[in-house]
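Taking it in order: structure first as structure tokens, then the write-up.
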Amino acid sequence: MIAMENQRSSRGEPHSLLFDNQSGIPWRFVCFQQQQTGLPDGCVSLAWFSKTVVPDTEVLFNWNSDYSFICSETNLYPGERFSVLENRPIDGLTANNQIDFKMVEPPHLCGFADQTNGPVGALTINAVGLIPSGFSVGIGMGGAGIFAARALPNVKLSFVPKPAYYIAFGMEVQEGEVLDVHTLTGVRQVEFPPNVYAMTATLRSGCDWELSTGVSKDAAAMLNK
662 MIAMENQRSS RGEPHSLLFD NQSGIPWRFV CFQQQQTGLP DGCVSLAWFS KTVVPDTEVL
722 FNWNSDYSFI CSETNLYPGE RFSVLENRPI DGLTANNQID FKMVEPPHLC GFADQTNGPV
782 GALTINAVGL IPSGFSVGIG MGGAGIFAAR ALPNVKLSFV PKPAYYIAFG MEVQEGEVLD
842 VHTLTGVRQV EFPPNVYAMT ATLRSGCDWE LSTGVSKDAA AMLNK
């Protein structure tokens with residue numbers, strides 16, 4: 662049996678990650694991103710994808726590597742969900758890659774405005790003027806959040822994306838949740854070799870990951886529809 666998460670965007674290079682649960686235990690499979698440099702201080706990773714997969718079942722996660730600006734009314738405490746208020750598409754890392762975050766008209770107290778061209782290679786968010794406490798901003802990929810940081814008055818936040826994909830498993834992590842990566846179980850990096858855009862992560866009976874290139878025939882058929 663295989664389930665498929667719909668492709669979240671029509672732009673960017675498509676990637677696929679097939680989760681195959683052969684552990685004998687129903688786990689919630691999680692995918693997230695993290696990087697050591699290129700992020701603002703206090704930046705956190707968000708649960709980019711999370712789905713329960715019962716034993717002997719596969720789920721296919723598809724995404725495109727296009728970016729967006731995201732914001733939420735949240736303090737970014739671990740376990741808190743980053744509920745996206747706005748999701749503004751970005752034209753790559755060279756155009757429309759800078760935006761202001763400031764007080765706006767209702768229904769939201771704060772929001773995005775004045776999206777322009779910014780420094781090449783970076784995604785820049787300028788918090789302009791008075792920003793009430795409890796607001797956070799960040800970037801997404803393929804329509805879902807990947808990184809976030811608190812929005813502080815008159816502070817510029819620069820994100821220099823260096824995509825690095827990680828997987829984990831657990832029981833309760835929800836999509837969009839603020840992660841404490843050190844508390845996750847079975848964290849493993851998934852590296853896509855050059856010119857490879859589909860990978861399979863199989864969780865074996867000992868709860869060990871086995872990574873391989875490509876996906877199953879059934880998954881490939883779904884991708885080609």
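Its first residue numbered 662, the sequence shown is counted upward by one per residue in my numbering.
Yeah, the Cβ is synthetic: ideal placement off N, Cα and C, and Gly gets one too.
Per DSSP, what kind of secondary structure is Val842 in: helix, strand or coil?
For the purposes of this step, residue 842 is taken as the residue at position 181 of the sequence shown. It is helical.
Does the stretch 670-689 come into contact with the stretch 844-864, if we say contact requires no fewer than three beta-carbon pairs (one atom in each stretch) closer than 8 Å?
Taking 8 Å as the limit for Cβ pairs, the verdict is that the stretch 844-864 does touch the stretch 670-689.
Using only the alpha-carbon positions, how far apart do Pro814 and Gly795 sit?
Residue 814 sits at position 153 when you count from the first residue of the sequence shown. Residue 795 sits at position 134 when you count from the first residue of the sequence shown. Cα to Cα, the separation comes out at about 12 Å.
Does the stretch 755-770 come into contact with the stretch 788-802, if we say contact requires no fewer than three beta-carbon pairs (one atom in each stretch) closer than 8 Å?
Yes, since at least three Cβ pairs between the stretch 755-770 and the stretch 788-802 fall closer than 8 Å, the two stretches touch.
According to DSSP, simplified to helix, strand and coil, what is Asp879?
As a first step, residue 879 is located in the sequence shown; it is residue number 218 there, counting from the start. Note: Asp879 maps to helix in three-state DSSP.
Hey, Gly782 and Asn725: beta-carbon distance below 7 Å or not?
Reading the sequence shown from its first residue, position 121 is the one you call residue 782. Reading the sequence shown from its first residue, position 64 is the one you call residue 725. Not closer than 7 Å, so no.
Among residues of its own chain, excluding the 5 on either side of Leu737, which ones have a beta-carbon nearer than 7 Å to its beta-carbon?
Taking the sequence shown and counting its residues from 1, one reaches residue 737 at position 76. These residues qualify, in order along the chain: Val705, Ser797, Ala809, Arg811, Val839.
Cβ of Ser711 within 7 Å of Cβ of Gln850?
For the purposes of this step, residue 711 is taken as residue 50 along the sequence shown, with counting starting at 1. For the purposes of this step, residue 850 is taken as residue 189 along the sequence shown, with counting starting at 1. In this structure, Gln850 does not lie closer than 7 Å to Ser711 by Cβ.
If the criterion is Cβ atoms closer than 7 Å, does the pair Phe830 and Trp688 meet it?
One-based indexing of the sequence shown puts residue 830 at position 169. One-based indexing of the sequence shown puts residue 688 at position 27. A contact, by the Cβ cut-off of 7 Å.
Assign Asp869 to one of three DSSP states: helix, strand, or coil.
Residue mapping note: residue 869 aligns to position 208 of the sequence shown, counting from 1. Correct three-state label for Asp869: coil.
Out of Gly753, Gly847, Gly875, point me to the one whose CA is closest to Thr777's CA.
By one-based count along the sequence shown, residue 777 stands at place 116. The candidate whose alpha carbon is nearest that of Thr777 is Gly753.
Work out the CA separation of Gly703 and Cys732 for me, nearest whole Å.
Translated into the one-based positions of the sequence shown, residue 732 becomes position 71. Translated into the one-based positions of the sequence shown, residue 703 becomes position 42. So the alpha carbons of these two residues sit roughly 15 Å apart.
Which word fits Ile686, buried or exposed, when buried means at least 16 other C-beta atoms lie within 10 angstroms of its C-beta?
For this step, residue 686 is matched to residue 25 along the sequence shown. Exposed, because fewer than 16 other Cβ atoms sit within 10 Å of the Cβ of Ile686.
Which stretch, first to last residue, makes up the beta strand (DSSP E) that contains Tyr728?
Along the sequence shown, read from residue 1 onward, the residue named residue 728 stands at position 67. Per DSSP, Tyr728 belongs to the beta strand (DSSP E) from 728-733.
Taking the beta strand (DSSP E) that His769 falls in, what are its first and last residues?
Within the sequence shown, numbered from 1, the residue matching residue 769 stands at position 108. Note, His769: premise wrong, no beta strand (DSSP E); not H, not E.
Check whether the Cβ of Val789 sits closer than 6 Å to any heavy atom of the ligand ADP, and report yes or no.
Absence of the ligand ADP from the depicted structure is noted, as is the absence of any ligand whatsoever, leaving it without description.
Would you check if the distance between the CB atom of Asn758 and the CB atom of Gly772 is smaller than 7 Å?
As a position in the sequence shown, residue 758 is number 97, starting the count at 1. As a position in the sequence shown, residue 772 is number 111, starting the count at 1. Result no, Cβ atoms of Asn758 and Gly772 do not sit closer than 7 Å.
Phe730 and Gly837 - do their beta-carbons sit closer together than 7 Å?
What you label residue 837 is simply residue 176 of the sequence shown in a count that begins at 1. What you label residue 730 is simply residue 69 of the sequence shown in a count that begins at 1. No, they are not a contact pair.
Which term fits Met860, buried or exposed, when burial requires 16 or more other beta carbons within 10 angstroms of its beta carbon?
Along the sequence shown, read from residue 1 onward, the residue named residue 860 stands at position 199. Buried: at least 16 other Cβ atoms inside 10 Å.
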